[in-house]
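Heads up: the sequence shown is residues 1 to 245, going by my numbering. C-beta atoms are modelled at their ideal positions from N, C-alpha and C, and glycine is treated no differently.
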Amino acid sequence: MNFIQKRLLIFVALLTIFSFIGPIETSFSVNEITIRNQKTLTPNIDGIIGTDEYISEISLSGGDYKLYWQIEGDTIFLGMVGKTTGWVAIGFDPTLAMQDADMIFGWVLSNSSVIIIDAFSTGPNGPHPADTDLGGNSDISAYNGTEESGNTIIEFSRLLTTGDQYDNDIPSSGTYNIIWALGNTDDFGLKHIQRGSATINLGETEESTKTESSSSQSESTTGFALTTILFFISMLLILRKTNDY
Ligand code: HEM
1 MNFIQKRLLI FVALLTIFSF IGPIETSFSV NEITIRNQKT LTPNIDGIIG
51 TDEYISEISL SGGDYKLYWQ IEGDTIFLGM VGKTTGWVAI GFDPTLAMQD
101 ADMIFGWVLS NSSVIIIDAF STGPNGPHPA DTDLGGNSDI SAYNGTEESG
151 NTIIEFSRLL TTGDQYDNDI PSSGTYNIIW ALGNTDDFGL KHIQRGSATI
201 NLGETEESTK TESSSSQSES TTGFALTTIL FFISMLLILR KTNDY
């Protein structure tokens, strides 16, 4: 292989690698899970999440998305806090990517009213029509939300088993898979800017705070710009090295 062919090969190889990793920013973040067994009060669905309000909480993606939960009898109380002024969402028990996830979207309008949508994802990348559009019901028992310092807080409660074919049953104990996402608009038809997945423990009662790591992704142009710069720096270094011979 001659000198020019070698350079061309390196160029193509680098271009291929960078074009794969460019558009997506993957962050490996430390998640903090807190379990409180001393709690006796039922969470208040008022759109404000107080310290120690819920038995369990998990902080995902470096705190960009926080989930709070507590089961009382046949009902689960959930709180989501997302770093956005658009929508926040949770998806219960997906089968493949977003497919079959029982999704709850919530957002706060500029007049402070709160919208909540009980939806269901019919495919791995959506769509996720509202249950009512699929012939099911909206099964959110109570909900509320607020926007504060660029965060959206949504609280709601739901029966663990609703009987609706577009809701997934939530067991009262054991591990459970969820997906989450944040949108940057109040339009739940528009794609997320951040999303991820986690496994939560529904019935954990032993008081603890532990950390674990997981990955989440944000679709942004920063990752693309960064990898483009890295690509050109690598090319300059290679060209300088080959010119030295
Ligand atoms: C609002 C409309 C939505 C649209 C148009 C949409 C679209 C998509 C598309 C095209 C993908 C595949 C490409 C990619 O990885 O980015 C994807 C992946 C994903 N979405 Fe959504 N999505 C929406 C809402 C949601 C919601 C509400 C959640 C969570 C509750 C969610 C969670 C996810 C997750 C976890 C993935 C990655 C799945 C995997 O690769 O395992 N999405 N979405």
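Residue state for residue 61 is assigned as helix, using DSSP reduced to three classes.
Note that the C-beta distance between residue 170 and residue 48 is not below 8 Å. Residue 133: member of the alpha helix (DSSP H) spanning 131–134, first to last residue. Judged by DSSP secondary structure, residue 80 falls within the beta strand (DSSP E) whose first and last residues are 75–82. In this structure, residue 190 has its CB closer than 7 Å to one or more heavy atoms of the ligand HEM.
Note that the region 156–163 does not touch the region 119–129; fewer than 3 beta-carbon pairs, one per stretch, sit closer than 8 Å.
Burial check for residue 191: the Cβ neighbour count within 10 Å stays below 16, so the residue is exposed. Scanning its chain for C-beta atoms nearer than 7 Å, with the 5 sequence neighbours on each side dropped, one finds around residue 59 the residues 31, 32, 66, in chain order. Distances from the CB of residue 195 to the heavy atoms of the ligand HEM include at least one below 7 Å. A Cβ-Cβ separation of about 19 Å leaves residue 87 out of contact with residue 69 under the 8 Å criterion. By the neighbour-count criterion, in which 16 or more other beta carbons inside 10 Å mark a residue as buried, residue 194 falls on the buried side. Look at residue 156: its beta carbon is at least 7 Å from all of the heavy atoms in the ligand HEM. If you keep only unbroken alpha helix (DSSP H) runs of at least 4 residues inside the region 107–153, you get 131–134. The C-alpha of residue 94 lies about 15 Å from the C-alpha of residue 118. The Cβ-Cβ distance between residue 168 and residue 92 falls below 8 Å.
For the ligand HEM, no non-hydrogen atom lies closer than 7 Å to the CB of residue 80.
By the beta-carbon neighbour count (other beta carbons within 10 angstroms, threshold 16), residue 209 is exposed.
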